[in-house]
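When you line the sequence shown up against this note's numbering, it's residues 96 to 168, in that order. Just so you know, even glycine gets a beta-carbon here, dropped at the ideal spot from N, CA and C. Note that the structure is predicted; figures quoted are calculated from it, not measured. Below is one structure, written out as structure tokens, with a few remarks after it.
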Amino acid sequence: ALDAEAHRRVTTLYFPDERIPLHPAVLSEGAASLLPGETRPAALWRIDLDGDGQAVATYVRRALVRSRAKLDY
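In structure tokens:
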């Protein structure tokens, strides 16, 4: 159900007085957030490219990440 809803919404929408998030707040502002100093599970991707930009090797593994600062974008 979460995957289907995310496919339906496509992106987070920002309006002057409102924000409609892609994911539920319990995830985006909680368990899946990158709050400074908090350790979170992540999927680490490494893709090696050749001189033409073609993928020659792909590695995916589980990792833990810890954000050091709150950044704006």
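Under DSSP, valine 160 takes part in a beta bridge, and its partners are Arg135. Shown here, valine 105 sits in coil according to DSSP, grouped into three states, outside any helix or strand.
By the Cβ rule, the stretch 146-158 does not count as touching the stretch 97-115, because fewer than three pairs are nearer than 8 Å. The bridge partners DSSP lists for glutamate 113 are Phe110.
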